[in-house]
Each structure stands twice: as structure tokens, then as C-alpha cells.
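A.B. asks: From first to last, the protein sequence lines are chains E and S.
Going by numbering that gives the first Met the number 0, the first sequence opens with residue 0, and the numbers climb by one from there.
Going by numbering that gives the first Met the number 0, the second sequence opens with residue 0, and the numbers climb by one from there.
Cβ atoms here follow ideal geometry from the backbone N, Cα and C, with glycine treated the same way.
Let me give you the structure first, and then I'll get to my questions.
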Amino acid sequence: MQKSRKYRYIAAFIFLGIGTLIFWALNICIGSVSITLPEILGTLTGQGNNEAVERILWDIRLPRTLAVTILGGALALAGYLLQTFFHNPIAGPFVLGISSGAKMVVALVMVFLMGRSIRVTSADMIIAAFVGAMLSMGFVLLLSRRVKGMSMLVVSGVMIGYICSAITELVVTFADDADIVNLHNWSQGSFSGMTWDNVKVMAVVVTVTFIAVFLLSKPLFAYQLGEVYAQNMGINIRLLRLFLVILSSILSACIVAFAGPISFVGIATPHLVKKLLGTVKPILMIPGCFLGGSVFCLFCDLLARTILAPTELSISTVTAIFGAPVVLWVMAKHKKERAV
Amino acid sequence: MKYYFKTEQMSVGYQGKPLIQKIEIGLNKGEILTLIGPNGAGKSTILKSIAKQLKLIGGAVYLDKKEMAQMSGTELSQRMAVVFTEKLKTELMTCEDVVATGRYPYTGHFGILSKEDDTVIEEAMELVHVTEIRNQDFTKISDGQRQRVMLAKAICQEPEIIILDEPTSSLDVKYKLEFLSLLQELRIRKGLTVIMSIHELELAERVSDRILCVNGEYVERFGKPEDIFQAGYIKSLFGIETGSFDEENGSMELEPPKGNADIFVIAGGGSGRSTYRKLQRERKVFVTGIIYENDLDFPTARALATEVIIVRAFEPVDKGILEQAKKAIDSCSKVICCREQFGSLEIANKELLEYARQSGKAVEIAE
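Rendered as C-alpha cells:
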């Protein structure tokens, strides 16, 4: 029994790893200009001779692919943390309104700073998004004390999301013409226009957060069993909850700052990964969710770019098509289990 | 301080409002304390406060001379295990996984189990007989099995003291007895101290070294079972209005029918109990006698008959009592005799049966 489980875990991680590699290759190769694998290798090893290919690869495809990998993973991880925190299988940064809160504050800051012709840095964006995420999270936490049941919490989150989105729309409408295009694209959620600078910043933020989350895997496991028993296992529940709130907000903020709000990855991926691994142990779920989120987003971004090329779909359109059915399946399963 | 576990002026409650105040408990190592009392009296509140799940409103709790408020989470988790009525939330976890979570306070930073941990887990599962269901999903087993798995988990924690909230409520009689025997075994083998709440009074009386009666703002009684189970006390503790509880024997009877008795039951030696209960079910009022005070029939007779004609233990039946019984038969139209034959010291009852026949009463011999 124990042995077969171990093999399953190994197989699952190999599967996710290979998936990531395959989608890396596909995301880099496919596009308005097709690039072959030998060309990629040539460019990477510095022996390329095609200037145009090199530019596309180096300035567009590579940073974008890496950004999708990092942010996709972060998104799934944020979803997993929120689901654990609320003991709620349909929680996620998007449905709880955390992404929208982050979006709102980022939009406000951007319009304010751009209006004064001040350059907005990645760090500004992340901090603004973090403030917004914490703001929404604060509301959700207040509401979670009053509303009982998992669906009510999600409905509250969706409402918070609507309010934040409405305010964002209002801000965008009154912004200068030049800003609108930029803001509009971003507020719909998109991985386009990633630069190496962006990738560097997100890599640092997400790596540090990931390590912090991974170090919490033991108390998280206890927390999953319910607070009564976690407390008896020596866990400082308040501190752990505080960490969870902060870490999931940082992750959500990082995603929103660079790619805008992206729906369904955060809710759906943890369930798919759980199914794949056959366990909920955080020590496996944390890296598993990260990889799963990466693969899921790489796949969705590929479709978003290519289906209606040269027009690019908003990423949330694609993630919703594949993510929403998973959420419905989870809800149906839950109802059934409760009825038994 | 001579006690191993002690509470000093402990007040418990919610949100700063005391529910039960000034609780004084003292236990030696390896003793079993049971909390009894009506629903909603605050047994769980006391247990949760002792386990530091709820903040004390006042006073202090000491374990092995150390105030529990000063203990770190890890120290507490290595010394105290709890099984509460809250369900353990699990997903995709086998029973073995659940038992293994008991090792949590002893594992390293990433919670990887060592060989020694595996041995402890194995032993704990053996001890409570859950080895056969080790690979089953924890959410898909019965309540009784779940309770035993939870106990195995608690044992895995290798605690010095264990807090159990209604541990026996979902167990059938076999596992109830087994569960309590197991607690006794653990206290002897490992010096485990037990604090639990229990609804089965007869079991509480048998297993406990100390009993705490929870009712109202203050603890009503704290002491040895024999001091607690005194005639009439349980009725007042629980506010029993219909039926009765017999403290001496730990048995309950339903509410007796009221009115004028029309049936006289001749019984003794435990032969009458089933007839008494049958009459109670049929709502028939009856008188019974002549019964010795130490007879097996006596507790049931006292609970169900409108009148019991009694003789003091180890004394002969005197004329007065016999006359009293005959008078009672006179006022009834029917006599039920539960005795197939009378022993040489039951001449009085034999005489009663003959008297009933002579005076033309409908006589029925109970099977």
C-alpha cells in the first residue's frame, strides 16, 4: 500500500514535469511566426543567425512562457491555500474577490501615477495589488464570520469582486485615452507584454513565497484536520492563519500586478492535482499545485494566443472554459457526499 | 501540591462570560475522572477549557506541578491527547493515515514518519483493533469504528493525560465495554490519566475513580462514585421527572402507571421483574409482595409498583406484614404469581397464593 502510493506520487510528478516541458516547447514554437526546435537551441546557445527569430524568441516568447509558468503556479498555489484556509473546496483568489480587489487598487494607483507622468515600476504594482488583495481578504474574513456554508462565502466573494470591478471600470472610463488601452487589456487578464524585468521580479517574489508555503506544509496538514485537532497537535492557529492570509495575498497580488485577474485556475487546479496525486498532504500538494497550475496556464495561454490568431483571446475566457466544468464537478461531488 | 492534575478555582465559559465557576479538581496519576450531568450543562466546555481550546475565565490548571497556561503547544501536544465530538476533517485519508497523525508532535519539520513512529502506529492500531480497517477511507467507516480510530490516534500521541468528550456515545455495548477496559489497561500499563464525559451513568460509576457532577453555575459534587451515587441524587442532578434511576444498581425504569391497583403480583428472587415491566408497558397498576429488601426484584418493584409489601433483609415475615399483604389482595381482582414453586423460607408467599385462590381471585401463573 505505502509503496504503491509512493510510485503514484513519483509518476504524477513525472507527468507534470513532462507536461511543463512539452508546453514550454509548444508555447515557444507556436505563434504568428513558427520557430523550430533547432532554431531555439541555436539561439539559446548563441549560434543563431536569424535576427528576427532571435528577437521574437528572446523578447517575446521566452519571457512570456516563463511568466505563464511562474504566475500559473502561483495562482494554483494561492487557490490551494485559500481552499485550505476556509475549508472550502470552491475558494480561490478570483471567486473570493481578492483578485478584483487587487485589480482595483492597481488601477487606481496606475491612473493616479500615469496622470502625473510617473513611471510605474513592477514593485509599485505588486505593492498596490497586495494592498488591494488584503483589503478584499479583510472583507471576506469579516463576512466569513457571519455567513455559514461554503456557497454563501463564495457568493459574498463574488459580490465583493463585482463592487471592485465596478469601481475599476469607473476609474478606467475616466482615465486618459493613452492609459485606457493599456489598462483595459490588463484588467481583462492577459499574459501579453511580459518583459525580462517583470519575470525577474515575479520569480523572486514567487520563489520566496513558495519556499515559505512549503515550510508551512506540516502545520498546514494539521490545520486541514480541523482547528480543534490542529490545536491539540501544538499548532498556533492564529499565527498560521495570519501566515496563510499574507502568503495567499502576496501570491494573488503578484499575479494581478503582472497579468490582471485570471479566473478558475486557482479553484480548479488544486482539485485536478488532488485527483492526480490521490492525497491532500500539503507536502505533495504544494509543489504539485504549482506544477499543475503552470501546465494548466501554459495550455490555456497557448490556446488564447493561437485559436483566433492574430487576435488574442483574454486568458480568462480560455481558463473558464476548462476550469468552470471542474468547479461544477467538485460542487456536484460535494453535494452527493453530504447527502450520504 | 500533592495532585498530578489539579484545577484551582477554574472558571470556564465563552467570551468572558463564566458558565461554571470555581471548579476544583484533584487527580492522582493514572486516575479516571468522569464528568456527568444533563445536556448543555457545560461538560464539553470544561473539557475544552482543560485542553486549552477555550481560554480560562479564571483560575488555573496544573499538570504535574506545571501550570498549563505556561506550556508550549508542542509540550502540551506531547502530554495531552484529545478526542472531541467534532469530526476530524479528512480527505483521501485511510484510517492508518489518521492514526499516524497522532505522531505529529514527534516528527521533524516536514512530518516524515520514522521506523519508530511506524512501530508505535502499528501497536496503537493493534490495541484498539482497527488493524483490519487500516486501508479503508476514514470517511467511509462507521461511527463506532471512527471512534476507535480516533482513540488509536490519541494513543499514538503517547500522552500522559487524555481528554475524551462522550467517547462511548456511538459505540455498541461490546465496544463500550472494550473501550473502557482499554482505558483501564492504559492507566495500568502507562499510568494514563483520563478525563472524560460520559452519558452512561452505570458505566461511569463502574469505571471512574472520581466523578464530577456538572449542573448549573457551580460544580454540584466531586468525589468517589460511591459518594456520588446516593439514593435520589441522580434524579435531582438530571431533573428526572418521568421514570426513575436506581443509584444502587445503575438501572433505569420507565414511569409507572398511576391509579388504584387492581393486580397483586407475588414475586421474589428476581422472578417478578419481567412481569412488572410487562404490566408497566400495558399501563396496569399493581401492588407486589412480599419481597425482601435485598431481593433482586426489589429495585424494580419499588420503581414500578404503587405499593411494595416489604420485609427487612434476613428477618422472618411477621403476622402484621402477612395481614397487610392479604388486605392488599382483597382490594385487587387479580393475582399474578411469578413463583413456580416456593422455597422453605417463602412460606408467606405460598400462603398468599392459597389465600388468593380461596377468596376467588383470578389467579394467573406467570410463565
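#1: Can you pull out the residues from the stretch 216-240 of chain E whose beta carbon lies closer than 8 Å to at least one beta carbon of chain S?
#2: Between the stretch 86-102 of chain E and chain S, which residues of the former have CB atoms less than 8 Å from a CB of the latter, in chain order?
#3: What residues in its chain sit with their C-beta under 8 Å from that of residue 140 of chain S, if we drop five residues either side in the sequence?
#4: Roughly how many angstroms lie between the CA atoms of residue 365 of chain S and residue 142 of chain S, to the nearest whole one?
#5: Less than 6 Å between C-beta atoms, sequence neighbours within five positions excluded: which residues of the same chain meet that for residue 221 of chain E?
#6: Use the C-beta contact count for residue 115 of chain S: other C-beta atoms within 10 angstroms, 16 or more gives buried, fewer gives exposed.
#7: Quick one: Cα of residue 94 of chain E to Cα of residue 26 of chain E, how far?
#8: Helix, strand or coil, according to DSSP, for residue 59 of chain S in the structure here?
#9: Counting along the chain, where does the beta strand (DSSP E) carrying residue 17 of chain S start and finish?
#10: Tell me whether residue 246 of chain S is buried or exposed, calling it buried when 16 or more other Cβ atoms sit within 10 Å of its Cβ.
#11: Helix, strand or coil: how does DSSP classify residue 32 of chain S here?
#12: In whole angstroms, what is the alpha-carbon distance linking residue 80 of chain E and residue 72 of chain E?
#13: Could you check whether the stretch 290-297 of chain E touches the stretch 52-70 of chain E, counting it as contact only if at least three pairs of C-beta atoms, one from each stretch, sit closer than 8 Å?
#14: Just the chain S side, please: which residues come within less than 8 Å of residue 55 of chain E by C-beta, in chain order?
#15: Mind pulling the alpha helix (DSSP H) runs of 4 or more residues that sit fully within the stretch 86-143 of chain E?
#16: When the Cα of residue 215 of chain S is compared with those of S/360, S/38 and S/82, which residue comes out closest?
#17: Helix, strand or coil for residue 94 of chain S per DSSP?
#18: Identify whether residue 338 of chain E lies in helix, strand or coil by the three-state DSSP scheme.
#19: Work out the CA separation of residue 72 of chain S and residue 135 of chain E for me, nearest whole Å.
#20: Is the CB of residue 103 of chain S under 8 Å away from at least one CB in chain E?
#21: 8 Å is my cut-off, CB to CB: does residue 338 of chain E come that close to chain S?
#22: Taking the alpha-carbon of residue 227 of chain S as reference, which of S/50, S/64, S/55 and S/205 has the nearest alpha-carbon?
#23: Who pairs with residue 80 of chain S in a beta bridge, going by DSSP?
#24: Less than 8 Å separating the beta-carbons of residue 82 of chain S and residue 163 of chain S?
#25: With a threshold of 8 Å between beta-carbons, can residue 52 of chain S be considered close to chain E, or not?
#26: Just the C-alpha distance for residue 64 of chain S and residue 2 of chain S, rounded to the nearest angstrom, thanks.
#27: Among residues of its own chain, excluding the 5 on either side of residue 274 of chain S, which ones have a beta-carbon nearer than 8 Å to its beta-carbon?
#28: Would a check of beta-carbon distances place residue 243 of chain S closer than 8 Å to chain E?
#29: Could you tell me whether the Cβ of residue 81 of chain S comes closer than 8 Å to any Cβ of chain E?
#30: With a threshold of 16 other CB atoms inside 10 Å of the CB of residue 103 of chain S, please say whether the residue is buried or exposed.
#31: Could you tell me which chain E residues have their CB closer than 7 Å to the CB of residue 109 of chain S, listed as they occur along the chain?
#32: In chain order, what are the residue ranges of uninterrupted alpha helix (DSSP H) at least 4 long that sit wholly in the stretch 199-264 of chain S?
#33: What is the DSSP secondary structure of residue 285 of chain S, reduced to helix, strand or coil?
#34: Going by C-alpha to C-alpha distance, which of S/312, S/51 and S/35 sits closest to residue 12 of chain S?
#35: Between residue 49 of chain S and residue 330 of chain E, what straight-line distance do the alpha-carbon atoms span, to the nearest angstrom?
#36: Pick out whichever of S/118, S/239 and S/161 has its Cα sitting closest to the Cα of residue 31 of chain S.
C.D. replies: On the basis of the data shown:
#1: 216, 217, 220, 221, 223, 224, 225, 227, 228, 230, 231, 232, 233, 234 and 235
#2: 86
#3: The residue labelled residue 140 of chain S in the question sits at position 141 within the second sequence. Correct list, in chain order: 94, 132 and 148.
#4: Taking the second sequence and counting its residues from 1, the one referred to as residue 365 of chain S is at position 366. Taking the second sequence and counting its residues from 1, the one referred to as residue 142 of chain S is at position 143. Residue 365 of chain S and residue 142 of chain S: Cα-Cα distance of roughly 41 Å.
#5: The sequence position of residue 221 of chain E within the first sequence is 222, counting from 1. Counting only Cβ-Cβ distances below 6 Å, and skipping sequence neighbours, we find 229, 232 and 234.
#6: Within the second sequence, residue 115 of chain S is the residue found at index 116, counting from 1. Under this definition residue 115 of chain S is an exposed residue.
#7: Numbered from 1 along the first sequence, position 95 holds the residue referred to as residue 94 of chain E. Numbered from 1 along the first sequence, position 27 holds the residue referred to as residue 26 of chain E. If I take the Cα positions, the gap works out to 28 Å.
#8: For the purposes of this step, residue 59 of chain S is identified with residue 60 of the second sequence, where counting begins at 1. Note: residue 59 of chain S maps to strand in three-state DSSP.
#9: Counted from its first residue, the second sequence places residue 17 of chain S at position 18. Residues 16-26.
#10: Position 247 of the second sequence, counted from the first residue, corresponds to residue 246 of chain S. Buried, since its Cβ has 16 or more Cβ neighbours within 10 Å.
#11: As a working note, residue 32 of chain S is residue 33 in the second sequence. Three-state result, residue 32 of chain S: strand.
#12: Indexing the first sequence from 1 puts residue 80 of chain E at position 81. Indexing the first sequence from 1 puts residue 72 of chain E at position 73. Answer to the nearest angstrom: the Cα atoms are 12 Å apart.
#13: yes
#14: Your numbering for residue 55 of chain E matches position 56 in the first sequence. Within 8 Å Cβ-Cβ: nothing; residue 55 of chain E doesn't reach chain S, min ~43 Å.
#15: 97-114
#16: Walking along the second sequence from the start, residue 215 of chain S turns up at place 216. Taking only the C-alpha atoms, the option nearest residue 215 of chain S is S/38.
#17: Position 95 of the second sequence, counted from the start, is the residue given in the question as residue 94 of chain S. Of the three classes helix, strand and coil, the one that applies to residue 94 of chain S here is helix, per DSSP.
#18: Position 339 of the first sequence, counted from the start, is the residue given in the question as residue 338 of chain E. Low confidence applies to residue 338 of chain E: its pLDDT is 43, below 50, so where it sits in the model is not reliable enough to give any reading.
#19: One-based indexing of the first sequence puts residue 135 of chain E at position 136. One-based indexing of the second sequence puts residue 72 of chain S at position 73. Between residue 135 of chain E and residue 72 of chain S, the C-alpha separation is close to 31 Å.
#20: Here residue 103 of chain S corresponds to residue number 104 of the second sequence, with the count starting at 1. Taking Cβ atoms only, chain E reaches closer than 8 Å to residue 103 of chain S, which makes this a yes.
#21: As a first step, residue 338 of chain E is located in the first sequence; it is residue number 339 there, counting from the start. Note that residue 338 of chain E has pLDDT 43, beneath the 50 cutoff, so the model's placement of it is unreliable and no number is given.
#22: On the second sequence, position 228 is the one that residue 227 of chain S refers to. The candidate whose alpha carbon is nearest that of residue 227 of chain S is S/205.
#23: Taking the second sequence and counting its residues from 1, the one referred to as residue 80 of chain S is at position 81. DSSP, once it has assigned bridges, lists S/161 as partnering residue 80 of chain S.
#24: Counting from one through the second sequence, the residue named residue 82 of chain S turns up at place 83. Counting from one through the second sequence, the residue named residue 163 of chain S turns up at place 164. Going by C-beta atoms, residue 82 of chain S is nearer than 8 Å to residue 163 of chain S.
#25: In the second sequence, residue 52 of chain S corresponds to position 53, counting from 1. Closer than 8 Å: yes.
#26: Start at 1 with the first residue of the second sequence, and residue 64 of chain S comes out as number 65. Start at 1 with the first residue of the second sequence, and residue 2 of chain S comes out as number 3. Those two C-alpha atoms are separated by around 8 Å.
#27: Counted from its first residue, the second sequence places residue 274 of chain S at position 275. Only 264, 266, 335, 337 and 365 meet the Cβ criterion.
#28: Looking up residue 243 of chain S in the second sequence gives position 244. Judged by the 8 Å Cβ criterion, residue 243 of chain S is not in contact with chain E.
#29: By 1-based counting over the second sequence, the position of residue 81 of chain S is 82. Yes, because at least one Cβ of chain E sits closer than 8 Å to the Cβ of residue 81 of chain S.
#30: Counting from 1 along the second sequence, the entry for residue 103 of chain S is found at position 104. Result: buried.
#31: To locate residue 109 of chain S, count along the second sequence from 1; it is residue 110. The answer, in chain order, is 216, 217 and 282.
#32: 200-206, 224-227 and 232-237
#33: Here residue 285 of chain S is taken as the residue at index 286 of the second sequence, counted from 1. Strand, per DSSP.
#34: Residue numbering aside, residue 12 of chain S sits at position 13 when the second sequence is read from its first letter. Of the candidates S/312, S/51 and S/35, the one whose C-alpha sits nearest the C-alpha of residue 12 of chain S is S/51.
#35: Stepping through the second sequence from its first residue, residue 49 of chain S is reached at position 50. Stepping through the first sequence from its first residue, residue 330 of chain E is reached at position 331. Cα to Cα, the separation comes out at about 38 Å.
#36: The residue given as residue 31 of chain S occupies position 32 in the second sequence. Among S/118, S/239 and S/161, the Cα nearest to that of residue 31 of chain S is on S/161.
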